[in-house]
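If you read the sequence shown in UniProt numbering, its first letter stands for residue 1, the second for the next number, and so on.
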Amino acid sequence: MILPCYGDRVFGQTHDHEMAFSFPYRMADDVIAGFAGTHKGGVRYPIPSFLQYQAKYPATYEKLNKMWEEE
């Protein structure tokens, strides 16, 4: 099973209708338990979008970008 990561959803604007996945039916209980676990951990579906069309990333991302530019 492959799902877009949280960053893809928040910053890449991947929406619910763009998601597709499959899994064997025998894993259905595990998949449901996994979604319940992510919900308990604070991840909600659908994941909200960060709709700022000017590229503005978190300060930690900008700091890392500056570090890479220095090399």
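All C-beta atoms, glycine included, are put in the ideal place defined by N, C-alpha and C.
Taking the straight line between their C-alpha atoms, what separation do you get for Phe35 and Glu18?
Counting from 1 along the sequence shown, the entry for residue 35 is found at position 35. Counting from 1 along the sequence shown, the entry for residue 18 is found at position 18. Approximately 18 Å, taken between the alpha carbons.
Are the beta-carbon atoms belonging to Val43 and Tyr6 less than 8 Å from one another?
Against the sequence shown, residue 43 aligns to sequence position 43. Against the sequence shown, residue 6 aligns to sequence position 6. Yes, these two residues count as a Cβ contact at 8 Å.
Whole-angstrom distance between Leu64 and Arg26, CA atom to CA atom
The residue you call residue 26 lines up with position 26 of the sequence shown. The residue you call residue 64 lines up with position 64 of the sequence shown. If you take the alpha carbons of Arg26 and Leu64, they lie about 42 Å apart.
Whole-angstrom distance between Glu69 and Lys56, CA atom to CA atom
Within the sequence shown, the letter at position 56 stands for residue 56. Within the sequence shown, the letter at position 69 stands for residue 69. Those two C-alpha atoms are separated by around 17 Å.
Which residues in the same chain as Thr14 place their Cβ atom closer than 6 Å to its Cβ, once the five residues preceding and following it in sequence are excluded?
Position 14 of the sequence shown, counting from 1, holds the residue named residue 14. Excluding positions up to five away in sequence, the list reads Pro4 and Asp8.
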